[in-house]
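The structure under discussion appears below in the form of structure tokens.
2 protein chains.
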Amino acid sequence: MIIMTRMHYTRDNMAGLLRGHDINPTHQRIEIAHALFSRQEHLSADQVMAIVNTRHSETSKATVYNTLKLFLEKGLVREVIVDPSKVFYDPNTSPHHHLYEVDSGKLSDIDATQVQISGLPPLPAGMVTEGIDLIVRVRRTD
Amino acid sequence: MIIMTRMHYTRDNMAGLLRGHDINPTHQRIEIAHALFSRQEHLSADQVMAIVNTRHSETSKATVYNTLKLFLEKGLVREVIVDPSKVFYDPNTSPHHHLYEVDSGKLSDIDATQVQISGLPPLPAGMVTEGIDLIVRVRRTD
DNA sequence: CATCAATCTGGACTTTGTCTAATTTCCGGA
DNA sequence: TCCGGAAATTAGACAAAGTCCAGATTGATG
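Here's what the structure looks like:
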């Protein structure tokens, strides 16, 4: 596992990041990784596509979806399911939770090191935890 | 608010439940409520539609979606967002969390009274919590 | 019975995501 | 450098969930 701390998210460094996660760094993959990591934001597939194709159309829809799925499998990004209509991809894979502003759709991180979850019942036999998602849904007081 | 404890979820009782939540009890709404409450399960919109229309086609897709949204607004059911491809509706509105079996898509409840969540940071100003969703994603050990 | 508001309906439409077959790119070896 | 094959990308057809709308139905009230 490669951890990049306080580093510029240049396209060159993206290539290294991808290699470190066993991903063949192609043009398209580098662009997609760059979109996610340089922003450090939660992006949906169509947002990624829009960013990557701003200048000239470069990357197809199929590739964006394939690549995000690949990144997910390789542990490079996390999937965040908060909005019924689209999946977000999160370049932050360290343990954290999410704050979701229902009206605006804005999604932000909550550091997990401060948060304690206790009293969860034992898992059914033959099951392992794949992850615990904690989502705080908030709304503007109006 | 009406709480129905240890009661048969007959269609007649559904009418009362709906009225208690300020919902005009029509045929279709009673059928949909009955589908959810008699099973006490998490159902997606298309599952509800399939159940309601088993005998003869009775209720349109639009009505199923409208009705579930209405139930949600009136606090009769809860929305559970765990599967990127469909929303589940949960007739259990008492505080609880969810256990989601990733492979099978099976969703079950975790009673919230045992579970403690502490150390959450204060909310941004002008925000109120609408709900906290805790989802434990599990997978079969194979 | 007539009226009016509430509800329901079919079906067209949108959006997110998947699939496939054909093409392009990349890389190692002759 | 050229060749061959594997990996990656592509366009576009397709699928599924959900929305929208204009017209039809229902049901309560006078």
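In order, the protein sequence lines correspond to chains A and B.
Position one of the first sequence corresponds to residue 1 (this note's numbering), numbered consecutively onward.
Position one of the second sequence corresponds to residue 1001 (this note's numbering), numbered consecutively onward.
Think of the CB as a built atom: it goes at the ideal place given N, C-alpha and C, for glycine as much as any other residue.
Member of the options whose CA lies at the smallest distance from the CA of residue i
i       : options                            : result
B:A1033 : B:A1062, B:T1067, B:S1060          : B:T1067
B:H1042 : B:E1031, B:V1082, B:P1121          : B:V1082
B:L1017 : B:L1123, B:A1112, B:P1091, B:Q1116 : B:P1091
B:R1078 : B:H1027, B:I1023, B:K1069, B:Y1065 : B:K1069
B:F1071 : B:I1030, B:R1139, B:S1104          : B:I1030
A:I110  : B:T1141, B:F1088, B:P1122, B:A1015 : B:P1122
A:I117  : B:G1105, B:A1062, B:D1133, B:S1108 : B:D1133
A:V102  : B:T1063, B:G1131, B:V1064          : B:G1131
A:L36   : A:Y9, A:T113, A:V87, A:V80         : A:Y9
B:I1023 : B:L1076, B:R1055, B:D1012          : B:L1076
A:S108  : A:T54, A:M49, A:G119, A:Y89        : A:Y89
A:H27   : A:N53, A:S44, A:D46                : A:N53
B:R1112 : B:T1093, B:S1104, B:P1124          : The sequence shown places Ala at residue 1112 of chain B, rather than the Arg named in the question. Among B:T1093, B:S1104, B:P1124, the Cα nearest to that of B:A1112 is on B:T1093.
B:A1125 : A:I51, A:D12, A:D142               : A:D142
A:S44   : A:R55, A:K61, A:D12, A:S57         : A:K61
CB contact check: residue i to chain B, cutoff 8 Å
i      : result
A:G105 : no
A:Q47  : no
A:P91  : no
Interface flag, residue i vs chain A, CB-CB below 8 Å
i       : result
B:Q1028 : no
B:G1075 : no
B:P1084 : yes
B:I1081 : yes
Residue i: CB within 7 Å of a non-hydrogen atom of the ligand FAD
i       : result
B:L1043 : No copy of the ligand FAD appears in this structure; indeed no ligand is present at all.
CB-CB length for residue i against residue j, believed under 8 Å
i       : j       : result
A:R39   : A:Y100  : No, A:R39 and A:Y100 are not in contact; Cβ-Cβ is about 18 Å, not under 8 Å.
B:H1096 : B:I1135 : Not really, about 11 Å apart at Cβ, beyond 8 Å.
A:R140  : B:M1127 : 6 Å
A:V74   : A:H21   : Before going on, a small fix: residue 74 of chain A reads as Lys here, not Val. Right, the Cβ-Cβ distance comes to about 5 Å (below 8 Å), so this counts as a contact.
A:L120  : B:V1115 : 6 Å
A:V48   : B:P1084 : The Cβ separation is near 15 Å, so there is no contact.
Secondary structure, alpha helix (DSSP H): runs of 4+ residues fully inside the region 1038-1073 of chain B: Restricted to the region 1038-1073 of chain B, the alpha helix (DSSP H) segments that are unbroken, complete and at least 4 residues in length are 1045-1052, 1061-1073, listed in chain order.
Under 7 Å (Cβ pairs) to chain A, residues found in the region 1037-1071 of chain B: none
At a CB distance below 7 Å, what residues from the region 1111-1140 of chain B approach chain A? Give them in sequence order. Those residues of the region 1111-1140 of chain B that come within reach of chain A (Cβ to Cβ, closer than 7 Å) are Q1114, V1115, Q1116, I1117, S1118, G1119, L1120, P1121, L1123, G1126, M1127, V1128, T1129, E1130, G1131, I1132, D1133, L1134, I1135, V1136, R1137, V1138, R1139, R1140.
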